[in-house]
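Enquirer: If you're matching them up, the sequences are chains A and B in order. Going by our numbering, the letters in the first sequence line up with residues 1 to 275, in that order. Going by our numbering, the letters in the second sequence line up with residues 1001 to 1327, in that order. Structure provided below as structure tokens; questions to follow.
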Amino acid sequence: MVEQSEIIKIKQLSKKMRENILTMSLAAGVSSSHFGGSLSTVELLATLYNNVLKFDIANPLWDDRDRFILSKGHACLGYYSVLCEKGFFAKEDLNLFEKNGSFLLGHPVINKKKGIEFSNGSLGMGLALGIGVAIAAKKNKKNYRVFVLIGDGECNEGSIWEAAMSAAHFKLKNVTAILDNNNLQQTGSNDDIMSTKDLANKWRSFNWDVQEINGHNIPEILAALNHVSEKPKLILAKTIKGKGFSFSENNNNWHHNIMTKKQYDEAIKELNEQK
Amino acid sequence: MNKNKIFNKANFKIWSRLGMRATFGVAALELSNNVDKLMILTGDVSTSAGLDRFKKKFPDKYLDVGIAEQNLIGIGAGLASEGFNVITTTFAPFQTMRCCEQIKVNLGYMKQKICMVGLASGLALGTLGYTHCCIEDVGILRSIPNLSIVAPADSAETVKAVMASIEYNNSVYIRLTGDASINQVYEDDYDFKIGKSITLKNGKDISIFASGTMVKVALDCSRILSQNNIDAEIVNMHTIKPIDIQKVNESAKSSKLIVSIEEHNVIGGLRSGIAECLADIKGSPRFIFFGINDTYSKGGEYNYLKEQFGLTASVISKKIMLKLKEN
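Put into structure tokens, the structure is as follows:
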């Protein structure tokens, strides 16, 4: 059983992350930001970074650190939020989001000292990188694990399935892919744009160990992340795009949108009213 | 690396009979003895790449990712980021175009270092049609920053290029041209450096720049031209990017005609690289270029296709002489 205090900590972290996401969305101004698909990842990332991922903030390049790759790179608001909370960079840096010359662009840019293992943004590429890193761990006799966060829209990309096929073929039990299954992609639902029906069985048929969970339920996330398997693991996380704010939940207008000061203030108010 | 041991007359001769692809396999075996943390990745082409012995002898250093080139580059980049010396190889169109964006993002943008070896580029697989020929690779890759492009002139230079790429500071694409046996350009050991062209013959009248198998054609041209009292400088432009701008400048000062010969589309490759240098030179000499004239022709045997595109010493020399008469 997970200690209640741990769950509370992760919930508090999630809340701070949502506040950070609002900060960056506001900072982005008219260049707008990928708001909805970042909010669906918050609990997943909070749990991963708070309780599972091994890293040393004093030594970000530590050889034995677990590797995290945000393959759905547009969800960088969630990623930057958790990195900031874990001390990889300062709170003030969040205001640099999408600013000229900034290290925090609208898609992650490789910066290992700041906790960003790879550049991402072009969908379908992160899982293959993770597989290379996982093979390297085996060759180097290292115990680090590789976590890759992918999206359901991203599963439209053929390269995801090339990677999925190879992870099982190479028997990479050190790889965990977390699939943020919020059912929406840029211009509509998965079913409208390109049906990804029965993702669980698709991944199972590629010989992954699949666990289906509620991607906002912290005990379920923790259990799935800590699950040990002899196969590569796929956590099919059922999530809500835009999770946390009444105006954005399941509202695909917030896939990529401009945050006004008024909306920001209302969102902060709503966040503060939450337990 | 104990390079002297393998770079000798006898090996150069043997390698030329193997062709570039099989010689790449020889280079791989040699690397395995000398390079730390080597990984060679292929997409189901071990035999075509001359890697069967390597695969058998060093199974831990060999990885076949199947027919999945996007995954090939992704996995290679992941390994490179963990300190491995990675070489990937498959046929040139699949090594460059199928995974072009992975090359851009992983090798170019992120600077993960990989040496990519494109097999049977150019026209060598002409009987299989243009799905398997590759006349576009240099043009496409040349526009990606942090990536160098080398087209070796013969088998020995293939070994030199592979070894140099391991020690080079960024990713390299090595473009292998020609068929199973290669006309030898180099008979004995010589200095090879990525980015530094090699003047094979001095000449005061014109300068011919060539890459890949066309270097031998250029040498043959120089013999025909000298019989016609034209003294041609022959430059092996093995590195197409970064181009040896200094050499182009030098030649432009002393020659009355600059020539490029490549087994590639005349758009985007060696011609374009040289033209970009010449464009900046005040009063630069005239420029004539030979290659594949931006078309997909009917397929056929390698020599047939080279003749169709006029990539033979006799045709090229004749056109050069006509051009000189125009001046």
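In this text, a Cβ means the ideal position worked out from N, Cα and C, and glycines have one as well.
#1: Beta carbon of Phe-1084 (chain B), beta carbon of Met-1039 (chain B): below 7 Å?
#2: Using only the alpha-carbon positions, how far apart do Ser-33 (chain A) and Gly-106 (chain A) sit?
#3: Within 10 angstroms of the Cβ of Ile-1053 (chain B), are there 16 or more other Cβ atoms? Answer buried if so, exposed if not.
#4: Verify whether the separation of the beta carbon atoms of Trp-1136 (chain B) and Asn-1293 (chain B) is less than 7 Å.
#5: Rounded to whole angstroms, how far is the Cβ of Gly-1269 (chain B) from the Cβ of Gly-1139 (chain B), which I believe are closer than 8 Å?
#6: List, from N- to C-terminal side, the beta strand (DSSP E) runs of 3 residues or more that fit wholly inside the region 1039-1110 of chain B.
#7: Between the region 37-50 of chain A and the region 72-91 of chain A, do at least 3 Cβ pairs fall closer than 8 Å?
#8: Given that a residue counts as buried once 16 or more other Cβ atoms are within 10 Å of its Cβ, and exposed if not, what is Lys-261 (chain A)?
#9: Considering Thr-1239 (chain B), what are the terminal residues of the beta strand (DSSP E) in which it resides?
#10: Any beta carbon of chain A sitting closer than 7 Å to that of Gln-1095 (chain B)?
#11: Which residues does DSSP list as the beta-bridge partners of Ser-33 (chain A)?
#12: Starting from Val-1162 (chain B), trace the alpha helix (DSSP H) both ways and give me its first and last residue.
#13: Distance, Cα to Cα, Phe-35 (chain A) vs Val-1065 (chain B)?
#14: Could you check which residue in B:Lys-1216, B:Tyr-1186, B:Leu-1200, B:Lys-1160 has the C-alpha nearest to that of Ile-1194 (chain B)?
#15: Rounding to the nearest angstrom, what Cα-Cα distance links Gln-1246 (chain B) and Gly-73 (chain A) in this structure?
#16: Give a yes or no on whether the C-beta atoms belonging to Leu-1219 (chain B) and Ile-1198 (chain B) are separated by under 7 Å.
#17: In three-state DSSP terms, what is Ala-58 (chain A)?
#18: For the region 1077-1103 of chain B, list every residue whose C-beta sits within 7 Å of some C-beta in chain A, in sequence order.
#19: Is there a Cβ from chain A that is less than 7 Å from the Cβ of Tyr-1109 (chain B)?
#20: Please check the pair Tyr-1173 (chain B) and Thr-1096 (chain B), which I expect to be a contact at CB under 8 Å, by giving their CB distance rounded to whole angstroms.
#21: May I ask you to list the residues that DSSP assigns as paired with Leu-184 (chain A)?
#22: Going by alpha carbons, who is nearest to Ile-221 (chain A) out of A:Ala-164, A:Lys-231, A:Asn-51?
#23: Can you pull out the residues from the region 98-119 of chain A whose beta carbon lies closer than 8 Å to at least one beta carbon of chain B?
#24: Spatial neighbours of Leu-1079 (chain B) within its chain, please: CB distance less than 7 Å, with the 5 preceding and 5 following residues excluded, ordered by chain position.
#25: Can you find the residues in the same chain that come closer than 7 Å, C-beta to C-beta, to Tyr-1302 (chain B), ignoring five residues on each side of it along the sequence?
#26: Do you know how far the Cα of Leu-26 (chain A) is from the Cα of Ile-150 (chain A)?
#27: Between the Cα of Phe-1192 (chain B) and the Cα atoms of B:Asp-1154, B:Thr-1213, B:Asn-1202, B:Asn-1229, which residue gives the shortest distance?
#28: Asn-143 (chain A) touches chain B at which residues, Cβ-Cβ below 9 Å?
#29: Apart from the five residues on each side of it in sequence, which residues of its chain come closer than 6 Å, Cβ to Cβ, to Val-1035 (chain B)?
#30: Is DSSP giving Phe-1007 (chain B) helix, strand or coil here?
#31: For the putative contact between Ile-1320 (chain B) and Val-1259 (chain B), defined by C-beta atoms under 8 Å, what is the C-beta separation to the nearest angstrom?
#32: Could you name each continuous alpha helix (DSSP H) segment of 4 residues or more that falls completely within the region 1136-1220 of chain B, going from the start of the chain to the end?
#33: Can you check the region 86-163 of chain A for any alpha helix (DSSP H) of at least 4 residues that lies completely inside it and give the ranges in chain order?
#34: From the beta carbon of Glu-162 (chain A), is the nearest beta carbon of chain B less than 7 Å away?
#35: Select from the region 1223-1252 of chain B all residues with a C-beta closer than 7 Å to any C-beta belonging to chain A, and list them in chain order.
#36: Please report how far the alpha carbon of Pro-60 (chain A) lies from the alpha carbon of Arg-145 (chain A), in whole angstroms.
Expert: So, from the listed chains and residues:
#1: Yes.
#2: Straight-line Cα distance between these residues: approximately 7 Å.
#3: For the record, residue 1053 (chain B) in the displayed sequence is Arg; it is not Ile. By the neighbour-count rule (16 or more Cβ atoms within 10 Å), Arg-1053 (chain B) is not buried but exposed.
#4: Per the sequence shown, the amino acid found at residue 1136 (chain B) is Glu instead of Trp. Not in contact: Glu-1136 (chain B) and Asn-1293 (chain B) (Cβ atoms no closer than 7 Å).
#5: Contact flag correct, Cβ pair sits at about 5 Å.
#6: Taking 3 residues as the minimum length, the beta strand (DSSP E) runs contained wholly in the region 1039-1110 of chain B are 1062-1064, 1085-1091, in order along the chain.
#7: The answer is yes - the region 72-91 of chain A touches the region 37-50 of chain A, with three or more Cβ pairs under 8 Å.
#8: Lys-261 (chain A) should be labelled exposed.
#9: Segment 1239-1241, the beta strand (DSSP E) holding Thr-1239 (chain B).
#10: In terms of beta-carbon proximity, Gln-1095 (chain B) stays away from the interface with chain A, with every pair separated by 7 Å or more.
#11: Note: Ser-33 (chain A) sits in a beta bridge opposite A:Asn-257.
#12: Counting along the chain, the alpha helix (DSSP H) containing Val-1162 (chain B) begins and ends at 1155-1167.
#13: C-alpha separation (whole angstroms): 36 Å.
#14: Checked all of B:Lys-1216, B:Tyr-1186, B:Leu-1200, B:Lys-1160; the closest Cα to Ile-1194 (chain B) is B:Lys-1160.
#15: In a straight line, the C-alpha of Gln-1246 (chain B) is about 41 Å away from that of Gly-73 (chain A).
#16: For Leu-1219 (chain B) and Ile-1198 (chain B), no; Cβs fall outside 7 Å.
#17: In this structure, Ala-58 (chain A) counts as coil in the three-state DSSP scheme.
#18: Within the region 1077-1103 of chain B, contact with chain A at the beta-carbon level (separation under 7 Å) is assigned to Ala-1077, Gly-1078, Leu-1079, Ser-1081, Glu-1082, Phe-1084, Glu-1101, Gln-1102.
#19: Yes, Tyr-1109 (chain B) counts as interfacial toward chain A.
#20: Your pair Tyr-1173 (chain B) and Thr-1096 (chain B) checks out as a contact, with CB atoms roughly 7 Å apart and the cut at 8 Å.
#21: Answer by DSSP bridge pairing, in chain order: A:Ser-189.
#22: It is A:Asn-51.
#23: For the region 98-119 of chain A, which is checked against every Cβ of chain B, the residues closer than 8 Å are Ile-110, Glu-117, Phe-118, Ser-119.
#24: Hits under 7 Å: Met-1039, Val-1086.
#25: Leu-1123, Ala-1124, Gly-1126, Asp-1179, listed in sequence order.
#26: Those two C-alpha atoms are separated by around 25 Å.
#27: Shortest Cα-Cα distance from Phe-1192 (chain B) to any of B:Asp-1154, B:Thr-1213, B:Asn-1202, B:Asn-1229 involves B:Asp-1154.
#28: Correct list: empty, because the minimum Cβ distance to chain B is about 14 Å.
#29: Answer for Val-1035 (chain B): Asn-1085, Ile-1166, listed in chain order.
#30: Reduced to three states, the DSSP call for Phe-1007 (chain B) is coil.
#31: About 6 Å separates the beta carbon of Ile-1320 (chain B) from that of Val-1259 (chain B), a gap short enough to meet the 8 Å contact definition.
#32: Taking only runs of at least 4 residues, the alpha helix (DSSP H) segments lying wholly in the region 1136-1220 of chain B are 1137-1142, 1155-1167.
#33: The region 86-163 of chain A contains these whole alpha helix (DSSP H) runs: 126-139.
#34: For Glu-162 (chain A), the closest Cβ of chain B is nearer than 7 Å.
#35: Result list empty, no residue passes.
#36: When rounded, the distance between both Cα atoms is 15 Å.
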